[in-house]
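Number of protein chains: 2
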Amino acid sequence: MTQDLDAIFAALADPTRRAILSMLLEDDMAVTDVADPFEMSLTGISKHLTILTRAGLITQEKRGRVKWCKLEPDALREASVWMQGFGQFEAINLDAFEAFLAREFGADT
Amino acid sequence: MTQDLDAIFAALADPTRRAILSMLLEDDMAVTDVADPFEMSLTGISKHLTILTRAGLITQEKRGRVKWCKLEPDALREASVWMQGFGQFEAINLDAFEAFLAREFGADT
DNA sequence: CCCATATTCAACCAAATGGTTGACGATCAT
DNA sequence: ATGATCGTCAACCATTTGGTTGAATATGGG
Chain A
1 MTQDLDAIFA ALADPTRRAI LSMLLEDDMA VTDVADPFEM SLTGISKHLT
51 ILTRAGLITQ EKRGRVKWCK LEPDALREAS VWMQGFGQFE AINLDAFEAF
101 LAREFGADT
Chain B
1 MTQDLDAIFA ALADPTRRAI LSMLLEDDMA VTDVADPFEM SLTGISKHLT
51 ILTRAGLITQ EKRGRVKWCK LEPDALREAS VWMQGFGQFE AINLDAFEAF
101 LAREFGADT
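Chains as they are written, first to last, in UniProt numbering: chain A, 1 to 109; chain B, 1 to 109.
As structure tokens, this is what we get:
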């Protein structure tokens, strides 16, 4: 859906949020720990996490008093597919594209 | 650079701008022709084109009184590479891309 | 129970975004 | 030269965004 892409790309357009996603690549984290390396209020980080959650890029699960943040890389696939459509036309991806065609349609090289 | 990603993702976060990019996949276009299918003032579209230009996603070249807009898919590579870090996405899936275009714009590519 | 920890809510603020209209500078055709 | 076309500029407006602080709401530990 168009709205999904709106939310995903908008979420990715902020360096703080991209940094958070990178941190979550390593492991799930509590909100407080996510906020720790940033020079920003906890509330500020909490808002960023809400935006990432609404975009589907992370999920948050509360266990006890700790809310755990988990990366959801699947949400990026939609955006990635959209973007790669434009990449088809760059020479640098041509090899990959031909490999795809060969795989999908059994074409001989 | 982080700023590049900011500009690229922010530019992609708007459905009008994504639609413009899709139109430019087919061919270079004059500003007036880009604006034609939208129910928006020419000035509005002109602003969107400025944002796409600053993000490096298109270039604009004036020939005579006509300013031609040209897709620059290379600019997407940086963002695409960033996204690849978050999971093993299907390398290239043209069918999925076309399905997206059809769903978003009802366009046949 | 009392206190510290974890997180959000509410209110506020400055700045950016997405849009409009009207006037303007180029450029082309007659 | 006149006039139509192409596109941007300037000013304005409403809404959203990214941030703050201070109070509030769990929850867990001793």
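Each residue gets a CB set at the ideal place from its N, CA and C atoms; glycine is no exception.
Selection from E72/A, V31/A, R54/A that minimises the alpha carbon distance to S46/A:
V31/A
Per-residue contacts from D33/B into chain A (C-beta, under 9 Å):
Here the premise fails: no neighbours, minimum Cβ distance about 20 Å.
Residues sharing a beta bridge with E61/B, DSSP
W68/B
Would you say D6/B lies against chain A (beta-carbon separation less than 8 Å)?
yes
Give me the residue from G64/A, D74/A, R18/A with the minimum Cα distance to I51/A.
R18/A
Is there a C-beta anywhere in chain A that falls below 8 Å from the one on L49/B?
no
Is the shortest distance between the beta-carbon of P37/B and the beta-carbons of chain A less than 8 Å?
no
If the cut is a Cβ gap below 8 Å, which residues of chain B does M29/A touch?
The contacting residues do not exist; M29/A stays about 15 Å from chain B at best.
Can you tell me the Cα-Cα spacing of R65/B and M29/B, whole angstroms?
Rounded to the nearest angstrom, the two C-alpha atoms are 13 Å apart.
Mind checking S41/B: buried by the 16 CB within 10 Å criterion, or exposed?
exposed
Taking M83/A as the query, report the chain B residues whose CB atoms sit under 8 Å from its CB, ordered along the chain.
L12, L76, A79, S80, M83
Evaluate L25/A with the Cβ neighbour count: other Cβ atoms within 10 Å of its Cβ, from every protein chain shown; 16 or more gives buried, anything less gives exposed.
Burial call: exposed.
Counting only C-beta atoms, is L52/A closer than 8 Å to chain B at any point?
Not one chain B Cβ lies under 8 Å of L52/A.
Tell me the rounded alpha-carbon separation between V81/A and E61/A.
28 Å
Apply the 10 Å Cβ neighbour rule to P22/A and answer buried if 16 or more other Cβ atoms are within range, or exposed otherwise.
For the sequence presented, residue 22/A should be read as Ser rather than Pro. It is exposed - the Cβ of S22/A has fewer than 16 other Cβ atoms within 10 Å.
Closest to F38/A by CA distance: which of P15/A, R54/A, C69/A, I58/A is it?
P15/A
Step through the CB atoms of chain B and report whether any lies within less than 8 Å of the CB of L21/A.
yes
Would DSSP call M40/A helix, strand or coil?
coil
Per DSSP, A30/A forms a beta bridge with which residues?
W68/A
Residue 112/A CB to nearest chain B CB: under 8 Å?
A question about residue 112/A goes unanswered here, because the residues of chain A that appear run from 1 up to 109.
Taking all protein chains shown into account, decide if G85/A is buried (16 or more other Cβ within 10 angstroms of its Cβ) or exposed.
buried
Looking at the structure shown, is G85/A part of a helix, part of a strand, or coil, going by DSSP?
helix
Could you name the residues of chain A that R65/B contacts, counting a contact when the two beta carbons are closer than 8 Å?
Chain A residues near R65/B: none, gap ~28 Å exceeds 8 Å.
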